[in-house]
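Following: one structure in C-alpha cells, then a few remarks.
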Amino acid sequence: MSFRKRNAVISSTSSSQTAAPKTENAPIPGIRPSPLDGRPTTSTGTASLDSLLAGHAGLALGTSLLIEEHGTTDFAGTLLRYYAAEGMIQGHQIHVLGLHQGWRHSLPGLSTDDKKPSAKSEAASNDKMKIAWRYESLSSGGGPRDRDAIQRQNSSSASSTSIFCHSFDLTKRLNPTDVKGQIGFHPSMSAPSLSGKPDTSSPLKQFIKDIASKLANSPPSWIHRVIVPGLLSPTSYSSSSSRPSEVLQFLHALRALLRQYSGKLTVIITLPLALYPRATGLTRWMELLCDGVIELIPLQSSAVHAPLPSSKSDSKSDEQMQGLLKIHSLPIFHEKGGGSSETNSAHGDLSFSLSRSKGLVIKPFYLPPVGEDEQEKNKSDASKGSMEF
C-alpha cells in the first residue's frame, strides 16, 4: 500500500528547471559550418574559389591561402579586394600589410543583383510583423507557443537566410552604408629616422605583434582577416625583409597565430612568381608554410579563347578565358579529402575569367572542337562577300 498523496505533483521542481529556455549563442555574421565536417568557414568573396577549397564551401577559420601569379597582371590583387570587401560587409576586422589608406576606396561595391533578395526578405519580415504574435501559434496546429520561442525562431530563420558570399561589381565602389567592419593598414617599410641612424626594427615582426595584441584583446565573436599583398615585392618591402630568415620567421609566426586563434583568423597572401619562381628553395618553403597554394597563369591578349558555342551567356566578353589556374595544395584536414578531389575538379585543367558583374569565375578548361575556328571564319567571309556590291 502506498502512502503517497494522490493530488501531489511528482518532481515539480525538476520539470520547471527543464522547462526554462536555454540561451543559444548568436550566429556570427559571415560564418557557417562546413558541409564536409562542420568546422566554421568564411567566404573569400569569390563563390567559384570557395567551391574549390576542399569541399568546405569556403575558407576554413585558422587556415591560410597563398596565391601565386605570373606576369605583371593583378588578378591576385582583385581576389584580395573581393576578400576585403566581403569582410567589410560582414563586420569583420581587416588587417592589411604594405598598402596605403587609399586602397580601401578601391574596394568593389555590391551589385544590383545582390541587393534584390535582401529587399524581398525585408518586405516579407515586415508583413509578418503586422500580425499579432499570438496568432502565429495557429500555424503549428493551434498549440500554445511561447513568445520568446517565436522570436528565437524568427531570429534563427533570419540568420539562415543571411548571405554568405556577396556578389560585387567592379565598376562600383563600396558604399559606406554597407560597411560594418573595420580596416587597418600597417607599414611594410620602416620610416627613415631623422637622427641618421638606421632603424633595425623589422616591420614584419612589428606587424605580428600588432595582430597578436588585437587578437588577444578582441571578443571571441570578432573575426579577423589578414591580407599580405605582393609578398617580398621591392616596391612594398625593404631589402632586409627579402632575406630567407626574415620572411620564413614571419610565415612561421603567422602559422602559429592561425593555430592559436583557429576560430577567429584567416590569412590570404599573394606572391609574384616573376620575381620568386617556384624553382627557388625560398618559394617552396613559403608554400610549405601555407595551408593552401594556388597558381594563376594569365594568358596573352591574343591567346584569349572565345566561349564554347553551347555557352548560355549573353555577353561573350564575360566568358572569355583570361588565364589558367593550378591547385598545388588545399587545406585538407582528414583522410576523406574534399569535395573538389572527389569530383576531380581540382586535378583537371582549370581556367578563370574576370568580368564586371560576375567577378572572377573559375571553371574547367575545355579546348574547342577541331575545325570550329575554320568554320566560323568561312561563315564570316561568306557574310562579308554577300554584302559586297
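In terms of the numbering used here, the sequence shown is numbered consecutively and its last residue is 688. In this text, a Cβ means the ideal position worked out from N, Cα and C, and glycines have one as well.
For this session: Just the C-alpha distance for residue 547 and residue 629, rounded to the nearest angstrom, thanks.
Result: On the sequence shown, residue 547 is found 248 positions in, with the first residue counted as 1. On the sequence shown, residue 629 is found 330 positions in, with the first residue counted as 1. Those two C-alpha atoms are separated by around 20 Å.
For this session: Given a cut-off of 8 Å, decide if residue 531 and residue 540 are closer than it, judged by their beta-carbon atoms.
Result: Taking the sequence shown and counting its residues from 1, one reaches residue 540 at position 241. Taking the sequence shown and counting its residues from 1, one reaches residue 531 at position 232. The answer is yes: Cβ separation under 8 Å.
Exercise. What residues are listed by DSSP as bridge partners for residue 523?
Worked result: Taking the sequence shown and counting its residues from 1, one reaches residue 523 at position 224. In the DSSP output, where bridge partners are listed per residue, residue 523 has 392 and 564.
Exercise. Can you tell me whether DSSP reads residue 291 as helix, strand or coil?
Worked result: Residue coverage of the chain in this structure runs from 300 to 688, which leaves residue 291 outside it and unanswerable.
Exercise. DSSP beta-bridge partners for residue 653?
Worked result: Within the sequence shown, the letter at position 354 stands for residue 653. 659.
For this session: Return the CA-CA distance between residue 269 and residue 489, expressed in angstroms with no decimal places.
Result: Residue 269 falls outside the range modelled here, since the chain spans only 300 to 688, and no answer is possible.
For this session: Name the one or two DSSP bridge partners that residue 591 has.
Result: What you label residue 591 is simply residue 292 of the sequence shown in a count that begins at 1. In the DSSP output, where bridge partners are listed per residue, residue 591 has 364.
Exercise. Per the contact definition of three or more C-beta pairs closer than 8 Å, is the region 377-392 in contact with the region 654-669?
Worked result: yes
For this session: Report the three-state DSSP secondary structure of residue 369 (helix, strand or coil).
Result: As a position in the sequence shown, residue 369 is number 70, starting the count at 1. Residue state, collapsed to three classes: coil.
For this session: Quick one: measure Cβ to Cβ for residue 597 and residue 622, integer angstroms, because I've assumed they're closer than 8 Å.
Result: Here residue 597 refers to the residue found at position 298 when the sequence shown is read from its first residue. Here residue 622 refers to the residue found at position 323 when the sequence shown is read from its first residue. Going by Cβ atoms, the distance from residue 597 to residue 622 rounds to 4 Å, so yes, they are a contact pair.
Problem set entry | Whether residue 388 touches residue 465 by CB criterion (8 Å) | In the sequence shown, the residue the question calls residue 388 occupies position 89. In the sequence shown, the residue the question calls residue 465 occupies position 166. It is a contact, given that the beta carbons lie within the stated cut-off.
For this session: Would you grab the beta carbon distance between residue 480 and residue 366 for me? Rounded to a whole angstrom, and I think it's under 8 Å.
Result: One-based indexing of the sequence shown puts residue 480 at position 181. One-based indexing of the sequence shown puts residue 366 at position 67. In fact, because the Cβ distance is near 21 Å, the residues do not count as touching under 8 Å.
Problem set entry | Rounded Cβ spacing between residue 352 and residue 358 (contact assumed at less than 8 Å) | Residue 352 sits at position 53 when you count from the first residue of the sequence shown. Residue 358 sits at position 59 when you count from the first residue of the sequence shown. With a Cβ gap of about 6 Å, residue 352 and residue 358 count as contacting.
Problem set entry | Cβ neighbours of residue 468 in the same chain (closer than 8 Å, five flanking residues each side left out) | As a working note, residue 468 is residue 169 in the sequence shown. Same-chain partners within the cutoff: 407, 408, 409, 410, 411, 655 and 656.
For this session: Kindly indicate which three-state DSSP category residue 508 falls into: helix, strand or coil?
Result: The residue you call residue 508 lines up with position 209 of the sequence shown. Note: residue 508 maps to helix in three-state DSSP.
For this session: Return the CA-CA distance between residue 327 and residue 339, expressed in angstroms with no decimal places.
Result: What you label residue 327 is simply residue 28 of the sequence shown in a count that begins at 1. What you label residue 339 is simply residue 40 of the sequence shown in a count that begins at 1. Going from the Cα of residue 327 to the Cα of residue 339 covers about 10 Å.
For this session: For residue 536, count neighbouring Cβ atoms within 10 angstroms of its own Cβ and tell me buried if that reaches 16, exposed if not.
Result: Your numbering for residue 536 matches position 237 in the sequence shown. Under this definition residue 536 is a buried residue.
Problem set entry | Cβ shell of residue 560 (< 8 Å), same chain only, five flanking positions each side left out | Reading the sequence shown from its first residue, position 261 is the one you call residue 560. Excluding residues within five positions, the ones whose Cβ falls inside 8 Å are 361, 514 and 523.
For this session: Can you tell me which of the three DSSP states residue 483 falls into?
Result: The residue labelled residue 483 in the question sits at position 184 within the sequence shown. It is a strand residue.
Exercise. For the alpha helix (DSSP H) that contains residue 558, what are its first and last residues?
Worked result: To locate residue 558, count along the sequence shown from 1; it is residue 259. Taken as a continuous stretch (DSSP letters only), the alpha helix (DSSP H) holding residue 558 covers 543-559.
Exercise. Among the residues of its own chain, which have a CB less than 7 Å from the CB of residue 477, if the five just before and after it don't count?
Worked result: The count along the sequence shown starts at 1 and reaches residue 477 at position 178. The residues are 388 and 409.
Exercise. Hey, residue 368 and residue 595 are a contact pair by Cβ (cut 8 Å); roughly how many whole angstroms apart?
Worked result: Translated into the one-based positions of the sequence shown, residue 368 becomes position 69. Translated into the one-based positions of the sequence shown, residue 595 becomes position 296. That pair is a contact at about 4 Å.
For this session: Kindly list the residues whose CB is nearer than 6 Å to the CB of residue 471, restricted to its own chain and excluding five residues on each side of it in sequence; keep chain order.
Result: As a position in the sequence shown, residue 471 is number 172, starting the count at 1. Answer for residue 471: 408, listed in chain order.
Problem set entry | Burial state of residue 569 (16 or more Cβ within 10 Å) | Within the sequence shown, numbered from 1, the residue matching residue 569 stands at position 270. Answer is buried; the Cβ neighbour count reaches 16.
Problem set entry | For residue 623, the residue or residues it bridges with in DSSP | Here residue 623 is taken as the residue at index 324 of the sequence shown, counted from 1. Bridge partners of residue 623: 596 and 650.
Exercise. Rounded to the nearest angstrom, how far is the Cβ of residue 364 from that of residue 591, given a contact under 8 Å?
Worked result: As a working note, residue 364 is residue 65 in the sequence shown. As a working note, residue 591 is residue 292 in the sequence shown. Contact flag correct, Cβ pair sits at about 4 Å.
Exercise. Using DSSP with H/G/I as helix, E/B as strand and the rest coil, what is residue 336?
Worked result: If you number the sequence shown from 1, residue 336 lands on position 37. Note: residue 336 maps to coil in three-state DSSP.
For this session: Closer than 6 Å by C-beta to residue 458: which residues in its own chain qualify, once you throw out the five before and the five after it? Chain order, please.
Result: Your numbering for residue 458 matches position 159 in the sequence shown. Any reading at residue 458 must be qualified, since the residue scores a pLDDT of 44, below 50, and its modelled position is unreliable; the value itself is stated next. 326, listed in sequence order.
For this session: Could you tell me which residues DSSP puts in a beta bridge with residue 349?
Result: Residue 349 sits at position 50 when you count from the first residue of the sequence shown. Answer is none; residue 349 lacks a bridge partner.
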